[in-house]
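What follows is a short report on a single structure.
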Amino acid sequence: MTHIVLLVQCLGLNLSAPLSWPTWVLVICSMLKRRESRRAVDYRLVALLQLLSTGLLAAQMEGLLASGLQLITVILALSGLLAHELGGVVSWAALLRRSLQLLLAALPLALVLFLFVPRVAPLWSTDLGPRGGAVSGLSPEMDPLSIGQLARSDAPAARVTLDEEERLNSNSYWRVLVHEQFDGRSWRHEDPPFPPRSGRGGPLSAGPSQWWRVEPSAIRMVPWDGAAQPVSTDQWISSEGELLMASSPRRPRSYRLQQGLSSVGWQQQQPQPRDRALPLPPDHLPRLQALGRTWRDQPKDVDRLAAAEAWFRSQPFRYSLAPGAFVDLDAFLFDQQVGFCGHYAGALAALMRAADVPSRVVSGYQGGRLVRPLGGSPYLDLRQSDAHAWVEVWLTGQGWKRVDPTRWAGSGQPSDPSIDAVVSAQAGPVPWWRWLQLQWWGLDLAWTRWWLGFDQATQAAWLQALFGEQLRWAGLVAVVLAAIAVGVGLMLSRGGWPGFHRDPLQRSLRLLKRFGVKAMPGESFPALCRRAGGLRPELALEFQAMAEAQQQLDHALLGRRQRQYQRKLWRQSRARLMVSASRSGRSARS
Amino acid sequence: MPSPEFCLGLRTLYIIPSRFGMVWLATAALLLLVAIQTSSNSTFLIAFLLLGLMFLAMFLTHDNLQGIKLRCGESSPGFAAEPIHYLLVLDSPTPRQRLQLRFQGQLPHQLDHLEAGETRVVLSWTPGQRGWQVPPRLLLDCVAPLGLFICWTRWQPPKPQLIWPARRRGPVQDSSPHRLRDGLDEWNDLRPLRPGERQALVDWAGVAKGRPLQVKLFRDPGDAERMLSPSAGLPWDEALEHLAERIWQLHHRGERYGLKLRGRTLAPASGIRHRDACLALLALA
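If you want it as structure tokens, here you go:
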């Protein structure tokens, strides 16, 4: 059973991740070991291998479903361990109850350790995430055609939920990649260098948070709103305004961003020479270069941008995801004048550079569906069909400013029937299976927010809020809490051994002891009850009823209903006797 | 007179992590390392759960032995150099999980479950010498419920057990004195009761002492009647061992025999009581 649950989880592993192979090996080893186990130490080792496999699986699969399966595996592995120690004395149901009881008993101490043991950053830089596997999403090279294909895909891209629900806006722009290299046809992205560890993570603030859950992709850059700051040290913002993650992009990732107190630096980052230059020979894209140069007459960059907008609006541009083949941007701008966001953004950025205004193309997501699940907070569901490209231009005094030229084309309304279909599919009523998926994602996001949100930064902020200036007392408080947790755990674990303490005979014998009646060697339980009835004649009938019910429960072949009935009779007579025993005890004390 | 009780408590119990516990601890450390490297909260929690379970197991394993009272029971005599049984009584106020008992250097006896109340446990040990002997030190240990800690106690059972000389084939001085016949009213052996056998043959006296239901075996003592004494020229203990073997054989053949040893004489007779009396005389000679 435990191995089936483990195998189901292993099937979800990405085999290109370095951790996935040890996990598979451990699970297979534990299965083989289980087959040839004969001694106690072998069975114990199997249970430990199962727990170790579960820990490794937990490091690779963090979703709600995976976490649920991991919890089941831990309980089953613990049951296996206990089952051997008990040598089949109790039933599986009792074993499971005992495992849960032990787990609950260990949980207080585990939680104290979880909350108080200081989190440390990874000890060395090892990418334990997958290096391959199915991914979808944005590409570092923005060939206009790629976004057009992406816009037809309804695959999930990301989900975001915010502290302030009213800020969840389906018109927001979520930036991912900045493409600053232009080769005359496509815009390419250049990977920024890894900053030193000390340069990562922003100052902590009490601002509202965003929780993101993104699907596997081929790039390290993840969506964000361009304003918040990462709280984890394995995330940082590049000088171009990209949010990068140190962990592998080829697995579902979760992260938290927090609204920073300081303004975001990337918007004021001076443009590089490459943002300004249009490294093209004069005979390449001649018409585009000529048009851009005409705007150089304008003294201010704001005026040049306004001239470009006026020119776009004056032309009969149309939006289409199937515009046909282009020779180059000249053909798009001056001949066919049909395209989608990638074409408009690429063309405007090139025109602005020709007009000597630093510019670059940004790709990311825009739109999405606001989902209000039955469980969890509202969230924005971003699909690959929400992929979008826009332009950032450097305006003196304002910094990098977002411009979306797609909105200038045909009033920004798509005229292509295929994209109409995608949009209407998102806006219309959802099928039942999609509804279920959206509900599940709501729960998954709530889990992400609640469970995965507790990271190194959150722990530091939480301890700071709890202890303030007296942070040095945190260790002492943790030790005291750990001692209390151990006490609570011991109370819980000693609280009952379900398989034995539910035994009517043992419980009845304990009750009789309270009346001062102890079984003599060779004395049967009914005889003991008769003796007790002789000592307390007023309770003789109750003793007899308890004995009869106990005999039925322990020795008679009873159906389920009959067993329940006899158990009820036994409970009733025992309860009445307990009341009498309590009264006797009180009167004896007084 | 009941033998003194030995109560297992904080002063008499010892506990250390078992080898499996050390592996468990190493696994928790490995999971912590993975959790740090991957910043995985679930792995952190599993690692801390392993640590929490280990810490709890220390108390639970100790609890499993604490409060048990040990005392010696009435043990039957046995031959030296052969495994014999020693009766122990365990008195526990609550049910206990798997325990293991053994005399030092002997095979362990496992108790899968110890019910509340008194439990009689028969342990075997192999005495080396005749006479009143105490068994080696008792080792009672348990690793339940998780096998992470081993908790144990050592106790020297104070009650000695009568050990007859080891049985060894060899010469004995055998004479045939004046024959006495006691008739068929003496039984010379016991065997388990079979269904349908007469109740009158059951050894009720033994049942009252807690032994299982057994049937007395009667044999015609026949004409053989011997008086045994140690063979001359042999070391004393070796001569006694030959006598023990001879007495055992004669008893099983149902013959009547007597014993003359260092001025003490046991008149020829047969039966278990006579055999035990002869062997006891050898043990204490």
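Top to bottom, those sequences are chains P and W. If you use the numbering used here, the first sequence corresponds to residues 354 to 943, in order. If you use the numbering used here, the second sequence corresponds to residues 15 to 299, in order. Built from N, CA and C at the ideal position, the CB exists for glycine as well. On a predicted model such as this, the values are computed, not experimentally measured, just so you know.
Roughly how many angstroms lie between the CA atoms of residue i and residue j, to the nearest whole one?
i: P31(W); j: W38(W); result: 10 Å
i: V680(P); j: A707(P); result: 19 Å
i: P569(P); j: L368(P); result: 14 Å
i: G699(P); j: L372(P); result: 40 Å
i: V48(W); j: T57(W); result: 7 Å
i: D654(P); j: P758(P); result: 16 Å
i: A902(P); j: E269(W); result: 57 Å
i: I837(P); j: G828(P); result: 14 Å
i: W923(P); j: S861(P); result: 9 Å
i: V839(P); j: A459(P); result: 8 Å
i: H741(P); j: F34(W); result: 57 Å
i: L275(W); j: A291(W); result: 12 Å
i: L280(W); j: A299(W); result: 13 Å
i: S383(P); j: L434(P); result: 13 Å
i: P107(W); j: P731(P); result: 57 Å
i: W139(W); j: D188(W); result: 33 Å
i: W527(P); j: Y718(P); result: 5 Å
i: Q147(W); j: A928(P); result: 53 Å
i: L198(W); j: L273(W); result: Summary for L198(W): the model assigns pLDDT 49, below 50, so the residue's position carries little reliability, and this model does not support an answer.
i: L64(W); j: N55(W); result: 14 Å
i: D251(W); j: P179(W); result: 8 Å
i: R609(P); j: Y672(P); result: 35 Å
i: Q228(W); j: I425(P); result: 53 Å
Answer with yes or no whether the minimum CB distance from residue i to chain P is below 8 Å.
i: S106(W); result: no
i: P282(W); result: no
i: W218(W); result: no
i: G77(W); result: The sequence as given places Asp at residue 77(W); Gly does not occur at that position. At least one chain P Cβ lies under 8 Å of D77(W).
i: W166(W); result: no
i: I50(W); result: yes
i: P67(W); result: Residue identity differs from the one stated: residue 67(W) is Leu in this sequence, not Pro. At least one chain P Cβ lies under 8 Å of L67(W).
i: L12(W); result: This structure cannot settle anything about residue 12(W), because the visible part of chain W is limited to 15 through 299.
i: F73(W); result: yes
i: V37(W); result: yes
i: P31(W); result: no
i: P97(W); result: no
i: L24(W); result: no
i: P226(W); result: no
i: A180(W); result: no
i: F34(W); result: yes
i: L70(W); result: yes
i: I60(W); result: yes
Please look up how many angstroms separate the CB atoms of residue i and residue j, rounded, as I've assumed it's under 8 Å.
i: L113(W); j: L102(W); result: That belief does not hold up - the Cβ atoms of L113(W) and L102(W) are roughly 11 Å apart, past 8 Å.
i: P141(W); j: A94(W); result: 5 Å
i: R512(P); j: W794(P); result: 6 Å
Output needed for residue i: all residues of its chain with C-beta closer than 7 Å, excluding positions within five of it in sequence on either side, in chain order.
i: L865(P); result: L881 and A885
i: V465(P); result: A831, L834, A835 and A838
i: L162(W); result: P31, S32, F34, G35, W38, M68 and A71
i: L364(P); result: none
i: K754(P); result: E745, V746 and L748
Measuring only between beta-carbons, confirm whether residue i sits less than 8 Å from chain W.
i: G842(P); result: yes
i: F467(P); result: yes
i: G875(P); result: no
i: E438(P); result: yes
i: S846(P); result: yes
i: S420(P); result: yes
i: A412(P); result: yes
i: L658(P); result: no
Using a Cβ-Cβ cut-off of 8 Å (strictly less than) and excluding sequence neighbours within five positions of residue i, which residues of its own chain qualify?
i: H256(W); result: R182, R183, G184, P185, V186, P244, S245 and L248
Once the 5 residues before and after residue i are set aside, which same chain residues still bring their CB inside 6 Å of it?
i: L154(W); result: L115 and T167
i: A430(P); result: T355, A400, Q403 and L404
i: V575(P); result: V567, L596 and M598
i: R193(W); result: Low per-residue confidence applies at R193(W): pLDDT is 46, beneath 50, and the placement is therefore not dependable, though the value from the model is reported in the following sentence. Cβ neighbours of R193(W) beyond the five flanking positions: E239.
Residues of the region 566–588 of chain P with a CB closer than 8 Å to any CB of chain W: list them in chain order, please. Cβ contacts with chain W come from S585 and D587.
Going along the region 795–807 of chain P in order, which residues come within less than 7 Å of chain W, judged by CB to CB distance? Of all residues in the region 795–807 of chain P, only W804, L805 and F807 place a beta-carbon less than 7 Å from a beta-carbon of chain W.
Within 8 Å of chain W by C-beta, residues of the region 390–405 of chain P in sequence order: Listed in sequence order: A393, V394, R397, L398, L401, L404 and L405.
Name the residues in the region 855–869 of chain P whose C-beta lies less than 7 Å from a C-beta of chain W; which are they? Residues Q859.
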